[in-house]
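*Asks:* Protein chains in written order, with the numbering used here: chain L, 885 to 1057; chain F, 15 to 379. We put the CB at the ideal spot given by N, CA and C, even for glycine. Remember, it's a predicted structure, so these values are computed and weren't measured experimentally.
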């Protein structure tokens, strides 16, 4: 049958997808650690946070976060105390922070489960958060992103909480 | 208080109009909606008044979507359409299952990812009462077929992709050709209605959002067409079928007050000469076209409404004679979901120039 190779290729993708599903995000974070410093030993602070200190005194923090997002049209707010429903969409991102000041050095969206509004995963959009410590003037986050305002707000709120947490922590040391 | 209300309305109208350019389609919204059962819909009524001749008003379509989300991984989307007030069609019915981050399995009756308007055809997503002519005869919008494959999004690359095995267009109905020089490929849609599927084809699309305010897409389709005469068992292909390849490139760009979009689509029909001799069709071996459209927001920011003036130039050739269309008009948005439309269209061929005034309204919820 003429379509046999096509069907075989589709089945192969299904099979490989199941093989790769486990620890997708953790493997992405490990690759990121190697990209930042191959020599430094990374200490696991908890299951989603890693820290390293290099010989020259530089310190790095890598954090893996998941944010519940939402669509306009009646879904629950991401910060709602009500438990997210089964269909709640989300995004998973990694943040590379300065281990001393807590400032953002780089952001990467590792998974974006929605089918639209994905401009917020673009490098040009994520770059605006570089060096952000959550204390400066509000970032014009929604500019250039359409159809995903609630997702953007949920992401920025989570990011702000993250950098403030680490900013306070480092200044208390 | 009045100022705050005005400011809110301005913000709403700005969001509305960026949405008109990059608005997600309804199926995508249903897949994202949380909860379990979601209902959405859209519809449009259109009037066509030629300057010489009798005009018509048509309740063109009313569409009801229902989506059911079983859990974070699995969802079903269905779309039932009433066209011209009397014809009922199933336009989409597919399931989607998340296999891993960035890879979703999707199968069923679905829209073919080709060009802009075939996937994004809700009336609030395009200017003009009628969809672009290119998306009428070359990409036979709304083109939906039975298909199975994968779609997903790679966040690091800001790249969305779709790849499906799909049943082909039907080029012959047993008595006459379904492709023609004046209607292009439009007659060949099988629409999931006891589709012939002796030779599955492939369709793929990449959509890249890596540039600010811009979406760029490239689509490709390849497959043998279907015919009831063909001897599917032995895989013989007769001259009532052709091998069809379609490529399309499109771009959408939007700022607060300015929008631009363009699309080019090219189709090659391998075996078209024998097909024309056998069936009497007038379709050309190479068909295709392009359009470019610009739009500006004409109401001041303080207005609670938004109104876009647009102009679109299209060039299409499906038979012996090229067709050029100039369309100028207005899209007046009462809010993000209801639009009033008015445009004038000049259709020019080597032998005639025709003017038509199109008007209508559309809604989406």
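May I ask you to list, following chain order, the residues of the region 975-994 of chain L that have a beta carbon less than 7 angstroms from some beta carbon of chain F?
*Replies:* Cβ contacts with chain F come from 992, 993, 994.
*Asks:* Using a beta-carbon distance below 7 angstroms, is residue 214 of chain F in contact with chain C?
*Replies:* Looking at the structure shown, chain C is missing, and the protein chains on hand are L and F.
*Asks:* Under the three-state reduction of DSSP, which class applies to residue 913 of chain L: helix, strand or coil?
*Replies:* The residue you call residue 913 of chain L lines up with position 29 of the first chain. Looking at residue 913 of chain L - three-state DSSP - the assignment turns out to be helix.
*Asks:* Please name the residues in the region 996-1018 of chain L whose beta-carbon is closer than 8 angstroms to at least one beta-carbon of chain F, in chain order.
*Replies:* Answer in chain order: 996, 997, 998, 999, 1000, 1001, 1002, 1003, 1005, 1006, 1007, 1008, 1009.
*Asks:* Following the continuous alpha helix (DSSP H) through residue 1007 of chain L, name the residue where it begins and the one where it ends.
*Replies:* Here the question's residue 1007 of chain L lines up with position 123 in the first chain. Note, residue 1007 of chain L: alpha helix (DSSP H), 1007-1010.
*Asks:* Between residue 40 of chain F and the rest of its own chain, which residues show a CB-CB distance below 7 angstroms, the 5 nearest in sequence each way excluded?
*Replies:* Counting from 1 along the second chain, the entry for residue 40 of chain F is found at position 26. 54, 56, 79, 136.
*Asks:* Count the C-beta pairs between the region 116-126 of chain F and the region 261-275 of chain F that are closer than 8 angstroms, then say yes if the count reaches three, no if not.
*Replies:* No contact exists between the region 116-126 of chain F and the region 261-275 of chain F.
*Asks:* Tell me the DSSP secondary structure of residue 202 of chain F in three-state form.
*Replies:* The count along the second chain starts at 1 and reaches residue 202 of chain F at position 188. Note: residue 202 of chain F maps to helix in three-state DSSP.
*Asks:* Can you confirm whether the region 939-949 of chain L touches the region 971-989 of chain L when touching is taken to mean that 3 or more C-beta pairs between the two stretches lie within less than 8 angstroms?
*Replies:* Enough Cβ pairs lie closer than 8 angstroms, so yes.
*Asks:* Going by other Cβ atoms of all chains shown within 10 Å of its Cβ, with 16 needed for buried, is residue 1050 of chain L buried or exposed?
*Replies:* Here residue 1050 of chain L refers to the residue found at position 166 when the first chain is read from its first residue. It counts as buried.
*Asks:* Could you tell me if residue 119 of chain F is buried or exposed, where buried requires 16 or more neighbouring beta carbons within 10 angstroms of its beta carbon?
*Replies:* Along the second chain, read from residue 1 onward, the residue named residue 119 of chain F stands at position 105. Result: buried.
*Asks:* Run through chain L and tell me which residues come within less than 8 angstroms of residue 292 of chain F, C-beta to C-beta.
*Replies:* In the second chain, the residue the question calls residue 292 of chain F occupies position 278. Neighbours of residue 292 of chain F on chain L: none; closest Cβ ~21 angstroms, over 8 angstroms.
*Asks:* Put residue 1002 of chain L into one of helix, strand or coil per three-state DSSP.
*Replies:* Counting from 1 along the first chain, the entry for residue 1002 of chain L is found at position 118. If DSSP states are grouped into helix, strand and coil, residue 1002 of chain L belongs with the helices.
*Asks:* So, helix, strand or coil for residue 111 of chain F, using DSSP?
*Replies:* Your numbering for residue 111 of chain F matches position 97 in the second chain. In this structure, residue 111 of chain F counts as strand in the three-state DSSP scheme.
*Asks:* With burial defined as no fewer than 16 other Cβ atoms inside 10 Å of the residue's Cβ, what is the status of residue 363 of chain F: buried or exposed?
*Replies:* Here the question's residue 363 of chain F lines up with position 349 in the second chain. Per the 10 Å Cβ criterion, exposed.
*Asks:* Would residue 1015 of chain L be called buried (16 or more neighbouring beta carbons within 10 Å of its own) or exposed?
*Replies:* Within the first chain, the letter at position 131 stands for residue 1015 of chain L. By the neighbour-count rule (16 or more Cβ atoms within 10 Å), residue 1015 of chain L is not buried but exposed.
*Asks:* State the DSSP-derived secondary structure class of residue 987 of chain L, mapped to helix, strand or coil.
*Replies:* Position 103 of the first chain holds residue 987 of chain L. Coil, per DSSP.
*Asks:* Check whether the Cβ atoms of residue 142 of chain F and residue 341 of chain F lie closer than 7 angstroms to each other.
*Replies:* As a working mapping, residue 142 of chain F is identified with position 128 in the second chain. As a working mapping, residue 341 of chain F is identified with position 327 in the second chain. It is a contact, given that the beta carbons lie within the stated cut-off.
*Asks:* Closer than 8 angstroms by beta-carbon distance: list the chain F residues that pair up with residue 1067 of chain L, in chain order.
*Replies:* Outside the modelled stretch of chain L, which goes from 885 to 1057, sits residue 1067 of chain L, for which no answer is possible.
*Asks:* Compare the beta carbon distance of residue 149 of chain F and residue 174 of chain F with 7 angstroms and say whether it is the shorter of the two.
*Replies:* By 1-based counting over the second chain, the position of residue 149 of chain F is 135. By 1-based counting over the second chain, the position of residue 174 of chain F is 160. It is not a contact, given that the beta carbons lie outside the stated cut-off.
*Asks:* Can you confirm whether residue 920 of chain L, when its beta carbon is compared against all beta carbons of chain F, has any partner nearer than 7 angstroms?
*Replies:* Translated into the one-based positions of the first chain, residue 920 of chain L becomes position 36. No, its Cβ sits nowhere closer than 7 angstroms to a Cβ of chain F.
*Asks:* For residue 894 of chain L, return the contacting residues in chain F, with the cut-off set at a CB-CB distance below 8 angstroms.
*Replies:* For the purposes of this step, residue 894 of chain L is identified with residue 10 of the first chain, where counting begins at 1. Chain F residues near residue 894 of chain L: 162, 163, 164, 179.
*Asks:* Please give the ranges of any beta strand (DSSP E) in the region 265-311 of chain F, keeping only runs that are unbroken, at least 3 residues long and fully inside the region.
*Replies:* Those beta strand (DSSP E) runs which fall completely within the region 265-311 of chain F and span 3+ residues are 272-284, 300-311.
*Asks:* Decide if the region 159-166 of chain F is in contact with the region 94-104 of chain F; the criterion is three or more beta carbon pairs, one per stretch, under 8 angstroms apart.
*Replies:* No contact exists between the region 159-166 of chain F and the region 94-104 of chain F.
*Asks:* Among F:355, F:195, F:379, which one has its Cα closest to the Cα of residue 60 of chain F?
*Replies:* Against the second chain, residue 60 of chain F aligns to sequence position 46. Ranking F:355, F:195, F:379 by Cα distance to residue 60 of chain F puts F:355 first.
*Asks:* Find out if the Cβ-Cβ distance for the pair residue 255 of chain F, residue 273 of chain F is shorter than 7 angstroms.
*Replies:* Taking the second chain and counting its residues from 1, one reaches residue 255 of chain F at position 241. Taking the second chain and counting its residues from 1, one reaches residue 273 of chain F at position 259. No; because the gap between Cβ atoms is not below 7 angstroms, this pair is not in contact.
*Asks:* Going by C-alpha distance, which of F:117, F:88, F:197 is nearest residue 165 of chain F?
*Replies:* Residue mapping note: residue 165 of chain F aligns to position 151 of the second chain, counting from 1. Taking only the C-alpha atoms, the option nearest residue 165 of chain F is F:117.
*Asks:* Run down chain L in chain order and give the residues with a C-beta less than 7 angstroms from the C-beta of residue 170 of chain F.
*Replies:* For the purposes of this step, residue 170 of chain F is taken as the residue at position 156 of the second chain. Neighbours of residue 170 of chain F on chain L, chain order: 992.
*Asks:* Pick from F:147, F:321, F:114, F:139: whose alpha carbon is nearest that of residue 851 of chain L?
*Replies:* Within the shown structure, residues of chain L are numbered from 885 to 1057, placing residue 851 of chain L beyond reach of any answer.
*Asks:* What is the DSSP secondary structure of residue 1043 of chain L, counted as helix, strand or coil?
*Replies:* Counting from one through the first chain, the residue named residue 1043 of chain L turns up at place 159. Helix, per DSSP.
*Asks:* Please confirm whether residue 347 of chain F and residue 320 of chain F have their CB atoms less than 7 angstroms apart.
*Replies:* On the second chain, position 333 is the one that residue 347 of chain F refers to. On the second chain, position 306 is the one that residue 320 of chain F refers to. Contact: yes.
*Asks:* Give the residues of chain L in contact with residue 347 of chain F, contact being defined as C-beta atoms less than 9 angstroms apart.
*Replies:* Within the second chain, the letter at position 333 stands for residue 347 of chain F. In chain order: nothing, as chain L lies at least about 14 angstroms away.
*Asks:* Which residues in the same chain have their Cβ closer than 8 angstroms to the Cβ of residue 197 of chain F, if we skip the five residues on either side of it in sequence?
*Replies:* Here residue 197 of chain F refers to the residue found at position 183 of the second chain. Answer for residue 197 of chain F: 151, 332, listed in chain order.
*Asks:* If you check the beta carbons only, do residue 890 of chain L and residue 179 of chain F fall under 7 angstroms apart?
*Replies:* As a working note, residue 890 of chain L is residue 6 in the first chain. As a working note, residue 179 of chain F is residue 165 in the second chain. Yes; because the gap between Cβ atoms is below 7 angstroms, this pair is in contact.
*Asks:* Can you pull the DSSP bridge partners for residue 120 of chain F?
*Replies:* If you number the second chain from 1, residue 120 of chain F lands on position 106. Residue 120 of chain F pairs with F:110, F:163.
*Asks:* Identify, in the order they occur along the chain, each residue of the same chain with its Cβ nearer than 8 angstroms to the Cβ of residue 16 of chain F, setting aside the five sequence neighbours on each side.
*Replies:* Here residue 16 of chain F refers to the residue found at position 2 of the second chain. Legend: pLDDT at residue 16 of chain F = 43, less than 50; position of this residue unreliable, value from coordinates given subsequently. Cβ within range, chain order: n/a, list empty.
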